Structure formats: C-alpha cells, structure tokens
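Following: one structure in structure tokens, then a few remarks.
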Amino acid sequence: MTARKRYWLMKSEPDAFSIDDLAKVKVEPWNGVRNYQARNFMRDGMQVGDGILFYHSNTKVPGIVGLATVASPAYPDDTQFDPKSDYHDPKSTRENPRWMLVDVAFDRKLKQVIALDEIKLHAEELGEGFPLVAKGNRLSVFPVTAAQWKLLLSLEKKS
DNA sequence: GCCAACGTTGGC
DNA sequence: GCCAACGTTGGC
Numbered sequence: 001m002t003a004r005k006r007y008w009l010m011k012s013e014p015d016a017f018s019i020d021d022l023a024k025v026k027v028e029p030w031n032g033v034r035n036y037q038a039r040n041f042m043r044d045g046m047q048v049g050d051g052i053l054f055y056h057s058n059t060k061v062p063g064i065v066g067l068a069t070v071a072s073p074a075y076p077d078d079t080q081f082d083p084k085s086d087y088h089d090p091k092s093t094r095e096n097p098r099w100m101l102v103d104v105a106f107d108r109k110l111k112q113v114i115a116l117d118e119i120k121l122h123a124e125e126l127g128e129g130f131p132l133v134a135k136g137n138r139l140s141v142f143p144v145t146a147a148q149w150k151l152l153l154s155l156e157k158k159s
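The UniProt record's numbering applies: residue 1 is where the first sequence begins, and numbers increase by one.
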C-alpha cells in the first residue's frame, strides 16, 4: 500500500544552504529545524518520494529556486546532541530526541526563480492560508496541495 | 496558567 | 540594518 505523493515547501537561507549546494551534495539531511510545527510535518507527514519546492529566504529575491524529493523517513537530527553545534539542544537526549529531520535529494534547479513577488500576485488562487502569502509567516516547512504545486510550477514557464 | 521579556525569522 | 510578527522562556 503506497501512500499518495504529497507536496511540501522547504525554506533555506542561500547563505547557509542554497539550491546549488544541494545540487553539489545531491542529498542533505535537513538539520537545524527547531520549530515544532515544522518538525511535525517532517516527522508525521513526509513520505519518501514526496515533492519539495526549495525556497530561498532572507535574500535579495526570495522565491522558489528548485525542486527536490524527500529521500528518507524521519530520524533524529544529530546536531541536537552536539554541544559544539549551533543547533545543540541540551534538553534533548538520544533516548528521547526532540528534533527530527528527513534527507532531501536534489531534483532540479529552476531555469528562473519563481519570485515571492510573482507568487503574491496569485495569493487569491493559492488561498489566504498559504504561508508564503500570509502575513508574518515564519514557518520553514509546510505542506502544499497538488493544486498549489501545479499553479506554482506553471509560473516557471510563464517567465 | 498568565504574560512580559526576549530571541528569531524574513521581507523590505 | 530595520522592524513587525510570532514562538519560546521563565518568573510569579
């Protein structure tokens, strides 16, 4: 019994980890997520093979820059146990890990960035609740419906 | 359990 | 670099 393919959006600051970095390493453990909602999506929602929109945040032209695939089931984020890591969480133990991640595999880089500005023009079709067009959103991992996925990717060809 | 203080995110 | 939004922490 195979679950139906789901879709997600994952943000990354290109200064920290960009789509080009992912293209180079091919597969990357998505470490450093320290938000419970985002963690829950990775832990409870993601299935191997799901589609990922790779989003660059905190940069000159924020937007969707590539496609990736969920490449592993969720497992504990090792950086939480490492006192030297920026992501260290002293309250987390190996017996009862607090933070989970999935591996993310490179699929392709878009020919052109689907800029947040462009995405905002379609706020109505995407729906008020869509995090990228909602006010004050900071969630770095969230689900995308098949319809939203299709709409967003159709913006690539247009430009 | 409330809520003020604080830290972080991320667009601009 | 600024600052609004918002999640987390900790005192009470």
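Note that beta-carbon positions come from the ideal geometry of N, C-alpha and C, so glycine has one too. From a predicted model like this one, the values you see are computed outputs, not experimental measurements.
Check                                                                                                                                                     : Outcome
Where do the ends of the beta strand (DSSP E) carrying A105 lie?                                                                                          : 103-115
What are the boundary residues of the beta strand (DSSP E) that V70 is part of?                                                                           : 63-70
Within 8 Å, do at least three Cβ pairs link the region 138-150 to the region 8-16?                                                                        : yes
Spell out a yes or no on whether the region 92-108 and the region 70-83 are touching, meaning 3 or more CB-CB pairs, one atom from each, closer than 8 Å. : yes
Taking only the alpha-carbon atoms, compute the straight-line gap between E124 and R34 and give it to the nearest angstrom.                               : 30 Å
Distance check for L22 and A105, CA to CA, integer angstroms please.                                                                                      : 7 Å
Assign H88 to buried or exposed, taking buried as 16 or more other Cβ atoms, counted over all protein chains shown, within 10 Å of its Cβ.                : exposed
Alpha carbon to alpha carbon, how far is E156 from G127?                                                                                                  : 19 Å
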